[in-house]
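Visitor:
There are 2 protein chains.
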Amino acid sequence: MNVAFVIYNNMTALDFIGAYDPVTRLKTMAFMPDLTWEICAISDSVSDSAGLKFTPTRVNEPLQGFDLVIVPGGVTALVYQLTQDPAFISWLQTARSCPLIASVCTGSLLLGAAGFLSNKKATTHPNAFKELAEFCSHVVDQRVVDEGNIITARGVTASIDLGLYLCERLAGHAVKEKIRRQMDYQTAP
Amino acid sequence: MNVAFVIYNNMTALDFIGAYDPVTRLKTMAFMPDLTWEICAISDSVSDSAGLKFTPTRVNEPLQGFDLVIVPGGVTALVYQLTQDPAFISWLQTARSCPLIASVCTGSLLLGAAGFLSNKKATTHPNAFKELAEFCSHVVDQRVVDEGNIITARGVTASIDLGLYLCERLAGHAVKEKIRRQMDYQTAP
C-alpha cells in the first residue's frame, strides 16, 4: 500500500496534515507495517497559503502506481485558479488509474477539473458548493462522501474525518477506533 | 503580536498545524492584520515522527520577545527523552518572560521540564498523565486548561481546540466563531 499525499502552493496545511496524521498512524502504530507514502508536488518547494514551507519527497513525477492519492484544498479563489492551470491538472490526471483518490475541502474542485468527478456525487467546503457544482453530478452536504474509488470531504477539519474514514476502509473499524483514541479525537465521522 | 510556533524533531505534525491553522487565520482572515509569527527550532531542519520535513524561519535564537509561544507534543517516550535534553530545555527556558505560553499534548511535559508549570494545573495526552504529574501541581482532565499565562491542551487534535481558544482570548468570541466556521469545525471547545 503506497499513498501519495499531494501538496501544492497555497494549499491549506491542515487539509493535508489532518489526513496525514491518521493515515500514517496505520504504519507508526504498526497496524499496516508495509504502508509507505510519498509527499508529491510539481515544484521543489511548496508553501501553504500562510507561508509555511513543505518539502516534497517526489517532484513532478507521475502519480500512477499509487494505491491511494489524497489531495488537500485551499482558499477557494486560489484553488479555482489552479483548476485552470493545465500543467497542474495534467499532472493530477496521471492519478487516473489509481484505485482510490480522495480530497479534502476545495481539493474536490481539483479532482473535478481533472475529470475524476464525472457522474459522481461529491462534497467540499460549504463556501465552494457553487464552484463544485460545475465539476460533479451532485453536490452533497456531508462530512465525507464515498463514491467507491473517489472520496471527498467537506471543509478543512474534515481532513481528520477523511483520514479516519480511510483508516476504517483500509484496516477496519477497530483499528480506526484505536487511532481515533490515540489522536484524542472526540467526534467520530 | 508576534507568535512563536516551536517545532522539533519527532514532534507530531498535527499538534503544530492544528493550532497554527486557526491562529494564523487571525491574520489571513484580516481580524488581526498586524499579527506576525515565526517557526522556531534549534536545528536547521526538523522532521516529525513520521519523517515529514519542516523548515524553521528562526534557528537557535532565543524565544524572549514573543507575545505567544506554542509548543507541540510528540510520542510520549520521545518527548520524555527531550525533557532531559539540556540544550533543548535551556532554549525553551528563553521563553520564560513571554506573557503567554501554550502547549498541545505532551508538549506540556516540555513546559514542565522548563519549569513553567510549577504551582500550575495542566493537561496532556491521557496516556501521559502520569509523566506530567511530576512537572505540575495537578493534572487536569480537560480539553484546554487555562492558567492565565500558561495554557495546556489534551491530545493531538486538542491542538485545534487550543488554537480556537487562543483566537477567542486574543480577538473575542465572535472572531473565534467566524474562524471555527471557516475551518468547518463542528465541535467547539
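In the order they appear, the protein sequences are chains A and B. Residue 189, in the numbering used here, is where the first sequence stops; the numbers in between run on with no holes. Residue 1189, in the numbering used here, is where the second sequence stops; the numbers in between run on with no holes. Cβ coordinates follow ideal geometry from the N, Cα and C atoms, glycine included.
(1) Could you check whether the Cβ of residue 1175 of chain B sits closer than 8 Å to any Cβ belonging to chain A?
(2) Between the alpha carbons of residue 1188 of chain B and residue 1178 of chain B, how many angstroms are there, rounded?
(3) Looking at the C-beta of residue 1165 of chain B, does it have a partner C-beta in chain A at a distance below 8 Å?
(4) Using beta-carbon positions only, say whether residue 153 of chain A and residue 144 of chain A come within less than 8 Å of one another.
(5) Listed from N- to C-terminal order along the chain, which residues in the region 1126-1140 of chain B have their beta-carbon within a distance smaller than 9 Å of any beta-carbon of chain A?
(6) What is the rounded straight-line gap between the Cα of residue 1185 of chain B and the Cα of residue 1021 of chain B?
(7) Going along chain E in order, which residues have a C-beta closer than 7 Å to the C-beta of residue 17 of chain A?
(8) What distance in whole Å lies between the Cβ atoms of residue 1075 of chain B and residue 1049 of chain B, which are believed to be in contact at a cut-off of 8 Å?
(9) May I have the straight-line CA-CA distance separating residue 1123 of chain B from residue 1136 of chain B, to the nearest angstrom?
(10) For residue 107 of chain A, would you say it is in contact with chain B, using Cβ-to-Cβ distances shorter than 8 Å as the test?
(11) Just list the beta strand (DSSP E) runs in the region 1053-1139 of chain B, keeping only unbroken ones of 3 residues or longer that don't cross its boundaries, in chain order.
(12) Is it right to say residue 1182 of chain B is buried, meaning 16 or more other beta carbons lie within 10 angstroms of its own, or is it exposed?
(13) So if I threshold CB-CB distances at 8 Å, which residues from the region 39-71 of chain A count as touching chain B?
(14) Taking residue 45 of chain A as the reference, give the member of A:10, A:34, A:173 and A:30 with the closest Cα.
(15) Output the distance between the C-alpha atoms of residue 1087 of chain B and residue 1043 of chain B, rounded to the nearest integer angstrom.
(16) Could you tell me whether the Cβ atoms of residue 1164 of chain B and residue 1151 of chain B are closer together than 8 Å?
(17) Would residue 1032 of chain B count as contacting chain A if we go by Cβ distances under 8 Å?
Guide: With the given structure in hand:
(1) no
(2) Here the model assigns residue 1188 of chain B a pLDDT of 45, short of 50, so the residue's position is not dependable and the matter cannot be decided.
(3) no
(4) yes
(5) 1126 and 1127
(6) 12 Å
(7) The question asks about chain E, but that chain is absent: this structure's protein chains are A and B.
(8) 6 Å
(9) 9 Å
(10) no
(11) 1068-1071 and 1101-1104
(12) buried
(13) 39, 49, 50, 52, 53, 54 and 55
(14) A:10
(15) 11 Å
(16) no
(17) no
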